[in-house]
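The structure appears below as structure tokens.
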Amino acid sequence: TRYLVLVNLSIFLRFTAMRFLFTSMEEIRTKESSVEVNLQVIEKPYLLGKEEQEELVRKCYPLVCQGFVQEPSDEVFEDTRNHVLNCTYLWLYAEDGELRVFTTWDHYEFDFGTVLYLGGIMVSPQTQGRGVGGRMTKQAWDLYGGDFLVAQTQNPVLYSSWLGNGFGIHPNLCGVSSCEAMKAATAVIKARNWSLTSEERPQFRVEAYGKCLYGVRPIDRDIRVEEFFCAHLNFDRGDALVLVAERSEH
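Position 244 of the sequence shown, counted from 1, bears residue number 572 in this note's numbering, the numbering being contiguous throughout.
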């Protein structure tokens with residue numbers, strides 16, 4: 329009986345997720361009427377069979393190479409594997425059968441509140457600038473909940489995407505964060521066993537990646553965002569920014 333309940337709950341959650349996302353995907357269909365759109369939500373991909381896992385990694389791998397502007401390599405393949413399989417939720421957005429965007433999500437509960445963590449987002453060059461990744465992020469936050477939305481990045485375009493979706497981002501363009509946002513960032517850093525390079529400025533992580541992740545660093549069209557990232561991060565040594573958005577501001 330317990331197994332049946334879990335299966336039925338899983339089916340219900342998948343149905344609810346797809347119904348919840350229908351409106352967002354319909355917006356894309358309206359703009360791209362000749363394109364067949366598909367969104368797949370996979371819960372706990374690390375529980376899939378070995379062959380299914382390998383197929384999933386191979387499917388996402390080319391998109392990672394495109395997104396980071398990197399040549400195919402064992403290092404990039406293993407990084408793809410770690411991100412795609414070691415998450416709670418994996419979202420795959422395809423157009424005409426071609427994977428265009430994927431996002432990975434985890435959920436944390438702390439004594440001060442809950443956090444939805446965006447572990448990775450990859451958007452194909454053909455899809456960039458259309459707001460698909462931003463809409464997926466907004467829908468995921470609405471669906472899974474969380475007092476805070478958190479992501480670690482070197483990409484100023486992600487920051488602009490969150491701004492464009494009306495998220496109240498910490499740090500702001502003046503480099504200022506609320507105490508609650510810094511608390512959320514610190515909690516996620518510790519939960520993921522990362523080094524806390526500064527207790528006073530936990531969201532600015534020095535040498536977080538050890539190098540620049542991008543073959544060609546993404547540049548944002550908003551000069552304010554671009555200047556903010558260049559002023560606070562040394563990309564060559566691998567600095568990263570831990571972005572935090574608060575639910576009360578969403």
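Here a beta-carbon is modelled for each residue, glycine too, at the ideal position from N, C-alpha and C.
Apply the 10 Å Cβ neighbour rule to residue i and answer buried if 16 or more other Cβ atoms are within range, or exposed otherwise.
| i | result |
| --- | --- |
| Gln273 | Within the shown structure, residues of the chain are numbered from 329 to 578, placing residue 273 beyond reach of any answer. |
| Val460 | buried |
| Leu418 | buried |
| Asp564 | exposed |
| Asn562 | exposed |
| Asn483 | buried |
| Asp439 | exposed |
| Ala559 | exposed |
| Ser452 | buried |
| Ile497 | buried |
| Val501 | Correcting the residue type first, residue 501 is Leu in the shown sequence and not Val. Exposed. |
For residue i, list the residues DSSP reports as bridge partners.
| i | result |
| --- | --- |
| Ile430 | Ile is not the amino acid found at residue 430; the sequence shown has Phe there. Looking at the DSSP assignment, Phe430 forms a beta bridge with Leu420 and Met450. |
| Ala573 | Leu477 and Ile497 |
| Ile370 | Leu418 |
| His435 | Leu444 |
What is the DSSP secondary structure of residue i, reduced to helix, strand or coil?
| i | result |
| --- | --- |
| Thr525 | coil |
| Phe396 | helix |
| Phe440 | coil |
| Tyr537 | coil |
| Tyr445 | strand |
| Val553 | helix |
Hey, how far is the Cα of residue i from the Cα of residue j?
| i | j | result |
| --- | --- | --- |
| Ala512 | Glu574 | 9 Å |
| Gln398 | Pro546 | 13 Å |
| Val385 | Ser505 | 36 Å |
| Lys518 | Ser362 | 46 Å |
| Trp490 | Lys466 | 9 Å |
| Arg342 | Val369 | In this predicted model, Arg342 has a pLDDT of only 46, less than 50, meaning its place in the structure is not dependable enough to derive any value. |
key: Entirely enclosed alpha helix (DSSP H) segments - the region 462 to 493, minimum 4 residues   = 484 to 492
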